[in-house]
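Following: one structure in structure tokens, then a few remarks.
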């Protein structure tokens with residue numbers, strides 16, 4: 474079911490209500506950006522298609538290059554044109570498949586800003602392997618591994634459930650002995666070491682704040698010590714890696 | 002209606018890729034080449050300078066010129082049609098445009114039938130222009146048509162055979178992902194149809210290539226077995242397009 478309509482029984486209505494941007498948006502490259510949007514608008518029989526096309530071109534920052542052949546567009550421009558065509562019918566639901574993959578940092582920023590604007594009016598489903606992007610713009614998240622849904626919840630709920638506070642430390646030498654020592658403490662849920670960096674997961678933050686420093690001071694030269702919340706990437710690795 | 006929008010897009014794409022100019026020019030070239038070559042043949046033979054050899058050339062007729070044009074179109078013209086249409090669906094599937102367009106309110110039937118109609122139109126336009134050129138130059142250089150009233154009918158019969166080829170190319174373009182595989186398989190199947198008449202009398206009358214014989218017959222005033230040649234072709238074209246639609250309906254993009 475999409476927006477209350479069955480995709481099998483009522484595909485035409487579903488197509489009318491949704492917008493879709495494939496991972497690598499492909500266009501008729503012999504067309505210019507404006508003609509392509511007119512073509513898609515005609516498929517939806519959009520009334521006042523001219524106004525709609527002009528608005529989308531302006532929103533996507535493509536108005537100045539609207540008469541340029543699509544084959545001469547940069548990747549970022551194509552991605553923004555892809556989003557514009559997906560929005561031409563004012564969809565209730567927008568599906569974006571890896572909208573920022575293959576984009577340079579500036580292109581990524583532009584596309585993310587566009588999506589942030591869109592989500593104020595439209596439900597956006599976005600799939601991505603760039604978890605920092607998801608972290609930045611999504612309200613809720615579903616994690617899928619090898620075709621299986623591992624978890625699905627709002628970002629805040631996900632953080633409450635899976636984002637256990639952790640202490641990050643960086644030492645001058647590799648803290649091998651300290652890692653072993655900390656693993657034995659009942660206060661500690663897990664320890665991960667990556668060369669000189671040590672990440673310590675605890676079950677009682679308040680107690681850890683007081684007790685943890687006493688274990689690490691004087692063992693190794695300490696360069697950095699901080700209490701942080703895990704990023705979505707940390708949560709993902711924790712869930713999928715298990 | 003999405004069919005109309007898609008059909009217009011196909012025509013614009015043909016204009017943009019110059020197919021709409023190149024294919025008719027090739028057909029017109031062969032249409033002019035046939036009567037001109039026949040007209041100049043005695044002169045060409047003279048210039049070869051063969052001493053002591055007597056070559057008797059029978060007088061050329063309108064029928065000779067036109068039927069040779071038809072044969073050329075069934076051979077080289079068929080290749081040109083297959084080359085122009087072989088990527089109709091496969092190219093869009095490979096590039097991903099088919100997936101994008103079919104996520105819009107466009108039925109798969111509209112998607113393939115718009116292509117079939119556009120390529121049929123291109124084929125008809127090219128073939129008719131070529132045939133008219135051949136007619137005009139044959140009339141000018143060789144002689145008048147014996148049965149001018151029946152000639153449009155003969156041209157239409159052969160056009161029907163070419164539409165069958167378009168349907169075969171569209172079907173192959175759905176089945177095969179590779180454009181080359183689509184074009185080659187459609188051409189081989191089309192040429193194989195020419196072998197069927199050797200199987201027996203009914204095959205001679207009702208198989209697609211019977212259209213060629215009926216078209217040649219019309220040019221010499223023989224109006225016989227026309228419906229039995231037309232109907233199987235119409236049914237075959239419809240069946241191929243229905244099959245193409247059903248396969249495409251269940252094809253993962």
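Chains as they are written, first to last, in my numbering: chain C, 474 to 715; chain Z, 2 to 254. From the three backbone atoms N, C-alpha and C, an ideal C-beta is built for every residue, glycine too.
Using the rule of at least 16 other Cβ atoms within 10 Å of the residue's Cβ for burial, across every protein chain shown, is residue 661(C) buried or exposed? With a threshold of 16 other beta carbon atoms within 10 Å, residue 661(C) meets it and is buried.
Can you check which of these residues, 102(Z), 188(Z), 173(Z) and 66(Z), is closest to residue 254(Z) by C-alpha distance? Ranking 102(Z), 188(Z), 173(Z) and 66(Z) by Cα distance to residue 254(Z) puts 102(Z) first.
Hey, does residue 488(C) have any beta-carbon neighbour from chain Z nearer than 8 Å? So yes, residue 488(C) belongs to the interface.
Report back the beta-carbon spacing between residue 632(C) and residue 587(C) to the nearest angstrom; my notes put them in contact at under 8 Å. About 26 Å separates the two Cβ atoms, so there is no contact after all.
Are residue 628(C) and residue 697(C) closer than 8 Å when you measure CB to CB? Between residue 628(C) and residue 697(C), the gap from beta carbon to beta carbon reaches 8 Å or more.
Ordered along the chain, which non-local residues of its own chain (more than five positions away) have a Cβ less than 7 Å from that of residue 505(C)? So the qualifying residues of the chain are 539, 540, 541, 542 and 543.
Rounded to the nearest angstrom, what separates residue 486(C) and residue 478(C) at their Cα positions? The straight-line gap from Cα to Cα measures roughly 7 Å.
My output table needs one value for residue 482(C): the three-state DSSP class, helix, strand or coil. Annotated three-state conformation of residue 482(C) is coil, per DSSP.
Express the C-alpha separation of residue 182(Z) and residue 164(Z) in angstroms, rounding to a whole number. C-alpha of residue 164(Z) to C-alpha of residue 182(Z): approximately 20 Å in a straight line.
Check residue 592(C) in the structure and name its three-state DSSP category. For residue 592(C), the three-state secondary structure derived from DSSP is coil.
Can you tell me whether DSSP reads residue 603(C) as helix, strand or coil? Note: residue 603(C) maps to coil in three-state DSSP.
Of all the alpha helix (DSSP H) runs that stay within the bounds of the region 527 to 575 of chain C, which reach a length of 4 or more residues? Residue ranges of uninterrupted alpha helix (DSSP H) with 4 or more members, entirely inside the region 527 to 575 of chain C and ordered along the chain, are 548 to 560.
With burial defined as no fewer than 16 other Cβ atoms inside 10 Å of the residue's Cβ, what is the status of residue 120(Z): buried or exposed? By the neighbour-count definition (other C-beta atoms within 10 Å, threshold 16), residue 120(Z) is a buried residue.
Residue 606(C) burial status per 10 Å Cβ neighbour count (16 or more: buried): Under this definition residue 606(C) is a buried residue.
For the region 98 to 113 of chain Z, which residues have a CB atom closer than 7 Å to at least one CB atom of chain C, in sequence order? So the close ones are 98, 100, 101, 104, 105, 106 and 107.
Mind pulling the alpha helix (DSSP H) runs of 4 or more residues that sit fully within the region 159 to 192 of chain Z? With a minimum length of 4 residues, no continuous alpha helix (DSSP H) run stays inside the region 159 to 192 of chain Z.
Using only alpha-carbon positions, find the residue among 497(C), 675(C), 493(C) and 702(C) that is nearest to residue 550(C). Nearest C-alpha to residue 550(C): 497(C).
Take the Cβ of residue 105(Z) as the centre, count every other Cβ of all protein chains shown within 10 Å, and call the residue buried at 16 or more, exposed below. By the neighbour-count rule (16 or more Cβ atoms within 10 Å), residue 105(Z) is buried.
Going by C-alpha to C-alpha distance, which of 493(C), 704(C), 668(C) and 651(C) sits closest to residue 97(Z)? Among 493(C), 704(C), 668(C) and 651(C), the Cα nearest to that of residue 97(Z) belongs to 493(C).
Would you mind sorting residue 659(C) into buried or exposed? The rule is 16 or more other CB atoms within 10 Å of its CB. Classification for residue 659(C): exposed.
Residues in the same chain with beta-carbon distance under 6 Å from residue 664(C), minus the five sequence neighbours each way, listed in chain order, please. Closer than 6 Å at Cβ, skipping near neighbours: 652, 655, 656 and 673.
Cutoff 8 Å: residue 688(C) Cβ touching any chain Z Cβ: Cβ-Cβ to chain Z under 8 Å: no for residue 688(C).
I need the DSSP call for residue 641(C), collapsed to helix, strand or coil. Three-state result, residue 641(C): strand.
Since residue 31(Z) contacts residue 146(Z) with CB under 8 Å, what's their CB separation in whole angstroms? That pair is no contact at about 18 Å.
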